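Numbering (the numbering used here), first residue to last: 303 to 442. Every residue, glycine too, gets a C-beta built ideally from N, C-alpha and C. Since the structure is predicted, the reported quantities are computational estimates derived from the model, not experimental observations. Notes to accompany the following structure.
And the structure:
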């Protein structure tokens, strides 16, 4: 079963996010979160949040086993661009585009198999229990 989680309009350029994604895309999601703790890039924090969100959805909403989760894909797309300008001489201006990105994480996993509880002691008839109690009283 697939679980999808998305973060939109993250204030980091998609090129910078893709550099971090290249480091973690072959790992297990739990291991990737541990690695992202120590990655100094600005894009590691929103990427970590999206992966954690996808893992929480898989566990709580779809009853998937956390140990069976794996990345199906991590897609980083272009979001909206904030348009700013830098004034220069003679009344002109240079355009500045502040790029954003859309991070989409897809996880694959297997459902948790429920195991029925089994009693460890076999059931004994009431008569046998009474006779055993009587023997114990007689021994004392």
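So the candidates are the options; which of them puts its Cα closest to the Cα of residue i?
{"i": "residue 399", "options": "391, 407, 386", "result": "386"}
{"i": "residue 335", "options": "354, 401, 306, 411", "result": "354"}
{"i": "residue 359", "options": "415, 308, 416", "result": "308"}
{"i": "residue 367", "options": "396, 416, 316", "result": "416"}
How many Å lie between residue i and residue j at the Cα?
{"i": "residue 388", "j": "residue 304", "result": "45 Å"}
{"i": "residue 369", "j": "residue 332", "result": "8 Å"}
{"i": "residue 384", "j": "residue 413", "result": "42 Å"}
{"i": "residue 306", "j": "residue 364", "result": "11 Å"}
{"i": "residue 371", "j": "residue 361", "result": "10 Å"}
{"i": "residue 411", "j": "residue 314", "result": "29 Å"}
Can you look up residue i in the DSSP assignment and give me helix, strand or coil?
{"i": "residue 379", "result": "strand"}
{"i": "residue 406", "result": "strand"}
{"i": "residue 443", "result": "Outside the displayed range of the chain (303 to 442) lies residue 443, so it cannot be described from this structure."}
{"i": "residue 307", "result": "strand"}
{"i": "residue 320", "result": "helix"}
{"i": "residue 312", "result": "strand"}
Ignore the nearest five residues each way along the sequence and tell me which others in residue i's own chain have a CB closer than 6 Å to its CB.
{"i": "residue 310", "result": "404"}
{"i": "residue 407", "result": "307, 352, 353, 356, 376"}
Just to confirm, does residue i get its C-beta within under 7 Å of one of the non-hydrogen atoms of the ligand FAD?
{"i": "residue 373", "result": "The ligand FAD is not part of the structure shown, which contains no ligands of any sort."}
Looking only at its chain, what residues have a beta carbon closer than 8 Å to the beta carbon of residue i, apart from the 5 residues adjacent to it on each side?
{"i": "residue 322", "result": "338, 341, 343, 345, 346, 349"}
{"i": "residue 312", "result": "319, 345, 348, 381, 402, 403, 404, 405"}
Buried or exposed: where does residue i fall if 16 or more other Cβ atoms within 10 Å of its Cβ makes it buried?
{"i": "residue 393", "result": "exposed"}
{"i": "residue 391", "result": "exposed"}
{"i": "residue 376", "result": "buried"}
{"i": "residue 379", "result": "exposed"}
{"i": "residue 326", "result": "buried"}
Excluding the 5 residues flanking residue i on each side, which residues of the same chain have their C-beta closer than 7 Å to its C-beta?
{"i": "residue 316", "result": "378, 379, 380, 401, 403"}
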